[in-house]
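Peer 1:
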Amino acid sequence: MAIYIISNDNYLQEGIVLLAKEANLEIVKETMPHLPVERLTFDDTVILHLNLFNKCCAKEISRLNKKCKLLVILDSERSALVLDADVIVSAQQSLLSLIMIITRLVGMEKRQAIRNHVLNRVEKRIICESLLGKDINLIAESLALPPKRVYTYRNLACKKLGGHRVHDLLLIKENLLEESMFL
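Just remember that our numbering sits 301 ahead of the position in the sequence shown, which is counted from 1.
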């Protein structure tokens with residue numbers, strides 16, 4: 302059982318590591334390229350701090366959540382990634398509350414996630430084609446639907462999946478495309 306923290310904010314990272322030592326937890330400081338993702342298990346925990354300077358790490362959230370317990374610390378209040386993290390907290394919380402959340406997450410048991418989105422066949426196809434980069438007019442033409450209706454279906458599907466816009470779903474693109482293969 303290993304606990305990793307990925308952050309480019311040294312003060313937050315050092316504060317969490319020092320307080321975790323007092324709580325008898327050992328946290329290893331890592332960077333995203335050096336994180337041993339292949340060796341992660343459901344017993345391991347990754348703490349990912351996202352801000353403006355490392356927002357490219359958001360693409361890794363769905364892959365990490367499939368392998369281990371994931372705590373995302375966001376600088377902004379927008380949490381578009383609710384479906385793909387075990388716990389999402391604000392960076393404005395105190396370090397003591399973060400340590401309590403981490404100890405609770407470490408003690409939690411995680412199993413393979415079974416997602417059951419209630420998208421109909423048309424919504425699934427529209428989302429898949431949108432994630433592949435197709436324009437609404439092309440999708441509407443292939444489905445023989447008006448573009449306004451395709452736009453409405455796409456917005457409803459995004460909301461069902463936990464995002465507010467298609468841009469939110471692009472962050473969890475590989476996860477959604479993988480699921481659509483089995484449906």
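Glycine residues also receive a C-beta, built at the ideal position from the N, C-alpha and C atoms.
These numbers come from a predicted model, not from an experiment.
1) Contact defined as beta carbons within less than 8 angstroms: I believe I402 pairs with V390. What is the distance between those atoms, to the nearest angstrom?
2) Can you list, in chain order, the residues of its chain with a C-beta nearer than 6 angstroms to that of I328? Leave out the 5 residues immediately preceding and following it.
3) Measuring CB atoms only, is the segment 343-352 touching the segment 364-373, in the sense that at least three cross pairs come out at less than 8 angstroms?
4) Provide the residue span of the alpha helix (DSSP H) that contains T453, from first to last.
5) Apply the 10 Å Cβ neighbour rule to Y454 and answer buried if 16 or more other Cβ atoms are within range, or exposed otherwise.
6) Using the three-state DSSP reduction, which class does K360 fall into: helix, strand or coil?
7) Taking the alpha-carbon positions, what's the M409 to D344 distance?
8) Using a Cβ-Cβ cutoff of less than 6 angstroms, which residues in the same chain neighbour A392 once the five nearest sequence positions on both sides are dropped?
9) Rounded to a whole number of angstroms, what is the C-alpha to C-alpha distance between P337 and L470?
10) Can you tell me whether H465 is helix, strand or coil according to DSSP?
Peer 2: Let's see:
1) Taking the sequence shown and counting its residues from 1, one reaches residue 402 at position 101. Taking the sequence shown and counting its residues from 1, one reaches residue 390 at position 89. Their Cβ separation, rounded to whole angstroms, is 6 angstroms, which keeps I402 and V390 in contact under 8 angstroms.
2) For the purposes of this step, residue 328 is taken as residue 27 along the sequence shown, with counting starting at 1. Around I328: I304, I306, V318, A321.
3) Touching, yes, given that three or more Cβ pairs across the two stretches are closer than 8 angstroms.
4) Translated into positions along the sequence shown, residue 453 becomes position 152. T453: member of the alpha helix (DSSP H) spanning 448-461, first to last residue.
5) The residue given as residue 454 occupies position 153 in the sequence shown. The residue in question, Y454, is buried, as its Cβ has 16 or more Cβ neighbours within 10 Å.
6) Taking the sequence shown and counting its residues from 1, one reaches residue 360 at position 59. Residue state, collapsed to three classes: helix.
7) For the purposes of this step, residue 409 is taken as residue 108 along the sequence shown, with counting starting at 1. For the purposes of this step, residue 344 is taken as residue 43 along the sequence shown, with counting starting at 1. So the two alpha carbons sit approximately 9 angstroms from each other.
8) As a position in the sequence shown, residue 392 is number 91, starting the count at 1. Taken in chain order, the residues that qualify are I374, D376.
9) Working through the sequence shown from its first residue, we reach residue 337 at position 36. Working through the sequence shown from its first residue, we reach residue 470 at position 169. The straight-line gap from Cα to Cα measures roughly 25 angstroms.
10) Counting from 1 along the sequence shown, the entry for residue 465 is found at position 164. Three-state result, H465: coil.
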